[in-house]
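Structure first, then comments.
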Amino acid sequence: MTSKSYSIPKINHNQSNPLTMEQYKELYKASIETPDEFWDAQGQRLDWMTPYTKVKQTRFNKGNVNIDWYAGGKLNVSSNCIDRHLSQHADETAIIWEADSPGHSQHISYQQLHDEVCKLANGLKSLGVNKGDRVVIYMPMVPEAAYAMLACARLGAIHSVIFAGFSPHAIADRIIDCEAKIVITSDISKRGGKSLPLKANVDEALARDDVTCVEQTIIFNHDDVEMPLLDKQIWWHKLTENCAVTCPAEPMDAEDPLFILYTSGSTGQPKGLVHTTGGYLVYASLTHQMIFDYKPGEVYWCAADVGWVTGHTYIVYGPLANRATTLMFEGVPTYPDERRIGQIIDNHKVNILYTAPTAIRALMAKGNLAAQDSHRDTLRILGSVGEPINPEAWHWYNDVVGKSKCEIIDTWWQTETGGAMITPLAGTTKLKPGSATFPFFGIQPALVDAEGNELEGENEGNLIIKDSWPGQARTIYGDHKRFEETYFSAYENVYFTGDGCKRDNDGYYWITGRVDDVLNVSGHRLGTAEIESSLVAHEKIAEAAVVGYPHDIKGQGIYVYITPISGTEVTEDLTKAIREWVRHDLSPIATPDMIQWTNGLPKTRSGKIMRRILRKIAANDYAQLGDTSTLADPSVVDTIIENRLNR
Ligand code: 6R9
Numbered sequence: 001m002t003s004k005s006y007s008i009p010k011i012n013h014n015q016s017n018p019l020t021m022e023q024y025k026e027l028y029k030a031s032i033e034t035p036d037e038f039w040d041a042q043g044q045r046l047d048w049m050t051p052y053t054k055v056k057q058t059r060f061n062k063g064n065v066n067i068d069w070y071a072g073g074k075l076n077v078s079s080n081c082i083d084r085h086l087s088q089h090a091d092e093t094a095i096i097w098e099a100d101s102p103g104h105s106q107h108i109s110y111q112q113l114h115d116e117v118c119k120l121a122n123g124l125k126s127l128g129v130n131k132g133d134r135v136v137i138y139m140p141m142v143p144e145a146a147y148a149m150l151a152c153a154r155l156g157a158i159h160s161v162i163f164a165g166f167s168p169h170a171i172a173d174r175i176i177d178c179e180a181k182i183v184i185t186s187d188i189s190k191r192g193g194k195s196l197p198l199k200a201n202v203d204e205a206l207a208r209d210d211v212t213c214v215e216q217t218i219i220f221n222h223d224d225v226e227m228p229l230l231d232k233q234i235w236w237h238k239l240t241e242n243c244a245v246t247c248p249a250e251p252m253d254a255e256d257p258l259f260i261l262y263t264s265g266s267t268g269q270p271k272g273l274v275h276t277t278g279g280y281l282v283y284a285s286l287t288h289q290m291i292f293d294y295k296p297g298e299v300y301w302c303a304a305d306v307g308w309v310t311g312h313t314y315i316v317y318g319p320l321a322n323r324a325t326t327l328m329f330e331g332v333p334t335y336p337d338e339r340r341i342g343q344i345i346d347n348h349k350v351n352i353l354y355t356a357p358t359a360i361r362a363l364m365a366k367g368n369l370a371a372q373d374s375h376r377d378t379l380r381i382l383g384s385v386g387e388p389i390n391p392e393a394w395h396w397y398n399d400v401v402g403k404s405k406c407e408i409i410d411t412w413w414q415t416e417t418g419g420a421m422i423t424p425l426a427g428t429t430k431l432k433p434g435s436a437t438f439p440f441f442g443i444q445p446a447l448v449d450a451e452g453n454e455l456e457g458e459n460e461g462n463l464i465i466k467d468s469w470p471g472q473a474r475t476i477y478g479d480h481k482r483f484e485e486t487y488f489s490a491y492e493n494v495y496f497t498g499d500g501c502k503r504d505n506d507g508y509y510w511i512t513g514r515v516d517d518v519l520n521v522s523g524h525r526l527g528t529a530e531i532e533s534s535l536v537a538h539e540k541i542a543e544a545a546v547v548g549y550p551h552d553i554k555g556q557g558i559y560v561y562i563t564p565i566s567g568t569e570v571t572e573d574l575t576k577a578i579r580e581w582v583r584h585d586l587s588p589i590a591t592p593d594m595i596q597w598t599n600g601l602p603k604t605r606s607g608k609i610m611r612r613i614l615r616k617i618a619a620n621d622y623a624q625l626g627d628t629s630t631l632a633d634p635s636v637v638d639t640i641i642e643n644r645l646n647r
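Right, here's the structure in full:
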């Protein structure tokens with residue numbers, strides 16, 4: 001396709017001037033009207049081992065959903081993120097690592113990154129890892145987490161990173177679901193001065209009878225303490241000590257899977273979303289460059305965790321494909337105190353910071369401490385992701401952290417979308433606080449009502465996306481039917497996001513939050529169904545209903561209604577034990593904030609729990625409970641209101 005002439009400009013790595021709004025509009029229009037030409041041009045930002053022969057072949061109709069980008073093309077993500085930068089830029093810094101404890105940091109050049117990735121890839125090979133095998137990565141925020149991802153990509157093994165805050169139970173479920181052959185972990189992780197027992201969690205997960213697929217566990221020695229290894233476990237440094245620093249990059253089809261990432265939905269267990277190679281990397285690198293107006297040489301800090309999609313796309317793959325210097329921070333921005341964030345910015349001369357509203361609110365809670373003892377003069381752009389940013393947090397981020405001289409880039413997207421979808425482009429888009437502004441190139445958002453009728457102009461409805469884009473997830477691992485049912489069945493021939501959204505009369509989009517049973521707690525996605533199933537697994541609980549309620553720092557808090565098994569004595573200690581149960585069973589991020597015992601839940605005559613009512617009660621909003629006449633026993637609601645927990 002390279003010989004074809006087209007009018008769409010290829011946006012290259014070294015583009016130094018942001019587009020004007022007029023250019024954005026023109027290019028956006030072209031990206032929608034002639035997607036093949038647009039994405040052909042952008043596809044050329046990568047190095048292909050075999051050129052692609054088709055650009056876009058996609059179908060969104062239920063029963064027949066198929067998403068195929070850059071067919072015929074072969075490439076390797078690891079060589080696009082590393083090798084192609086080596087001839088001219090081997091000594092430039094790829095990763096700056098800032099440790100949890102202040103004053104410890106490390107610069108890793110592209111050459112070092114290459115050597116470390118190749119060594120581990122060779123180590124994995126020696127353990128029998130082949131193209132297509134699944135490798136679970138359960139790591140702290142250390143460079144080795146990125147090495148592990150890139151080493152898998154180099155061999156064509158499919159990684160599945162599990163956030164280091166997840167419990168043994170959650171790890172085991174994910175290992176089983178993706179049938180992982182190898183687990184890569186660390187002795188411990190360090191966050192906010194505390195150490196977490198990662199290896200011990202993996203040991204507990206692997207001890208479960210139903211986990212039979214794992215052949216080896218590789219353990220990175222982060223803490224330098226002696227720790228006995230079990231059978232089928234090997235230290236990372238032993239595995240790699242004699243490995244060569246070169247390793248051929250496996251030619252991968254554009255549609256070969258790159259990774260599986262589990263995320264919560266409104267029903268059932270977390271889904272393993274599958275992202276593939278070519279389209280994902282084109283989208284990750286193009287969005288990273290355009291949205292943040294990234295210029296070579298700048299220091300870019302995405303303060304997410306590699307366990308989430310933001311860490312995949314905007315700490316590792318997007319920035320490294322663009323030869324950026326990406327900062328990886330092991331700790332939390334409030335440790336040892338709120339000044340840490342400014343100190344990191346000054347010490348490493350950070351130009352772009354990308355974080356979540358929940359972190360901003362946590363900093364804001366300590367007044368202006370975050371701005372003390374640092375200048376933050378290098379900062380140019382401040383990004384936000386994960387949840388709607390409320391105006392107070394927006395202004396505080398802008399005025400205090402950014403000293404009113406940075407742009408605030410509020411990016412809306414999802415694990416499923418692979419990269420940012422509705423977002424300003426730095427230097428291009430006129431901002432409105434709290435709005436994610438306009439769609440990225442190739443993205444066709446629309447608002448629909450409950451019946452699927454498209455709503456025009458200034459309006460509010462459910463957010464759908466009308467056509468495919470290269471970064472989107474292709475399927476749910478092992479369950480394409482569930483993929484179609486979850487995203488392509490609510491409305492015909494479109495992707496349903498699960499979010500509500502408003503559009504104002506200037507065409508700006510304002511995300512209002514989830515319209516399904518997914519909670520967003522401190523920017524972490526949690527399904528109410530998952531928490532409920534953990535609760536009812538407790539021997540004293542008969543039934544449970546979980547809803548979100550507005551929380552000043554977390555965005556949403558977790559409010560739990562539970563009915564005890566008859567004969568149970570409800571005590572403070574039992575309530576505490578239940579909180580601990582969920583914490584251990586799922587993850588500390590799923591710990592209930594409020595637990596209300598009740599003798600009954602509001603149910604329809606057909607037995608469905610009416611969460612709508614429980615949500616209102618949890619939000620202290622009793623005035624409009626809506627129609628309760630369909631309830632089997634309306635008096636249950638009065639009792640729940642009487643016994644509600646005060647916040
Ligand atoms: C990238 C990421 C996705 C859900 C999404 C939405 C919420 C993300 C947002 C936002 C408002 C933003 N969300 N960014 N809401 N404004 N800028 O967060 O992925 O963990 O899958 O969460 O997060 O509700 O549907 P993920």
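Each residue of the sequence shown is one higher than the one before, starting from 1 at the first, in full-length UniProt numbering. C-beta: ideal position from N, C-alpha, C; glycine also.
query	result
Local Cβ density within 10 Å of Thr423, reported as buried at 16 or more and exposed below that	buried
Spatial neighbours of Ser522 in its chain, beta-carbon cut-off 6 Å, leaving aside the 5 residues before and after	Thr358 and Lys554
Contact set for Leu645: own chain, Cβ-Cβ below 7 Å, skip 5 residues either direction	Met594 and Gln596
C-alpha gap between Tyr262 and Lys232, whole angstroms	25 Å
Rounded C-alpha distance that separates Trp469 from Asp210	38 Å
From Ile218, Arg323 and Thr277, residue whose alpha carbon lies closest to that of Leu86	Arg323
Supposed contact pair Asp223 and Asp256 - C-beta distance, whole angstroms, cut 8 Å	With a Cβ gap of about 36 Å, Asp256 and Asp223 do not count as contacting.
Sufficient close CB pairs (3 or more, under 8 Å) joining the segment 64-80 to the segment 496-514	no
Under the three-state DSSP convention, the category Ala244 falls into	coil
Of the residues Trp235, Ser285, Asn242 and Pro102, the one placed nearest Gln44, counting alpha carbons only	Ser285
Own chain partners of Arg605 with C-beta closer than 6 Å, once the 5 adjacent residues on each side are dropped	Ala632
For Gly557, three-class secondary structure by DSSP	strand
Which listed residue (Ser566, Val55, Asn80 and Asn61) has its alpha carbon closest to that of Asp68	Val55
Leu535 vs Ala529 beta-carbon contact at 7 Å	no
Proximity winner among Gly427, Pro270, Val636 and Ala473, relative to Tyr24 (alpha-carbon distances)	Gly427
Assigned secondary structure, Thr98 (DSSP; H/G/I helix, E/B strand, else coil)	Looking at the sequence provided, one finds Glu at residue 98 rather than Thr. It is a strand residue.
Arg514 Cβ short of 6 Å to the ligand 6R9 heavy atom set	yes
Among Ile158, Ala146, Val65 and Met421, nearest to Gly132 - alpha-carbon criterion	Ile158
C-beta neighbour in chain D for Ile137, strict 7 Å	In summary, chain D is missing from the structure at hand, where a single protein chain is found.
Beta-carbon contacts of Ile617 that lie in its chain and below 7 Å, excluding the five residues immediately before and after	Ile640, Ile641 and Arg644
Cβ-based burial, Leu447 [other Cβ within 10 Å; buried from 16]	buried
Bounding residues of the beta strand (DSSP E) (the contiguous stretch that carries Asp499)	Tyr495 to Arg503
contact_flag[the segment 466-480, the segment 507-525] where n(CB pairs < 8 Å) is 3 or more	no
Thr212 burial status per 10 Å Cβ neighbour count (16 or more: buried)	exposed
Contact check, Thr429 vs Thr437, beta carbons under 7 Å	yes
Through-space distance from Lys181 to Lys405, alpha-carbon basis	49 Å
Exposed unless 16 or more other CB atoms sit within 10 angstroms - verdict on Asp173	buried
Completely contained alpha helix (DSSP H) runs for the segment 102-182, where each covers 4 or more residues	110-126, 143-155 and 168-178
Cβ-based burial, Leu463 [other Cβ within 10 Å; buried from 16]	buried
Cβ pair Leu327, Trp301 closer than 7 Å	yes
Same chain only: Cβ atoms within 6 Å of Trp581, ignoring 5 sequence neighbours per side	His538
Rounded C-alpha distance that separates Trp412 from Ser384	9 Å
Closest residue to Arg376 among Thr598, Trp394, Asn505 and Ile345 (Cα-Cα distance)	Ile345
Gly72 versus Gly278: straight-line alpha-carbon distance, rounded	10 Å
Glu460 versus Tyr317: straight-line alpha-carbon distance, rounded	34 Å
Ranges of the beta strand (DSSP E) found wholly within the segment 331-363, counting only runs of at least 3	352-355
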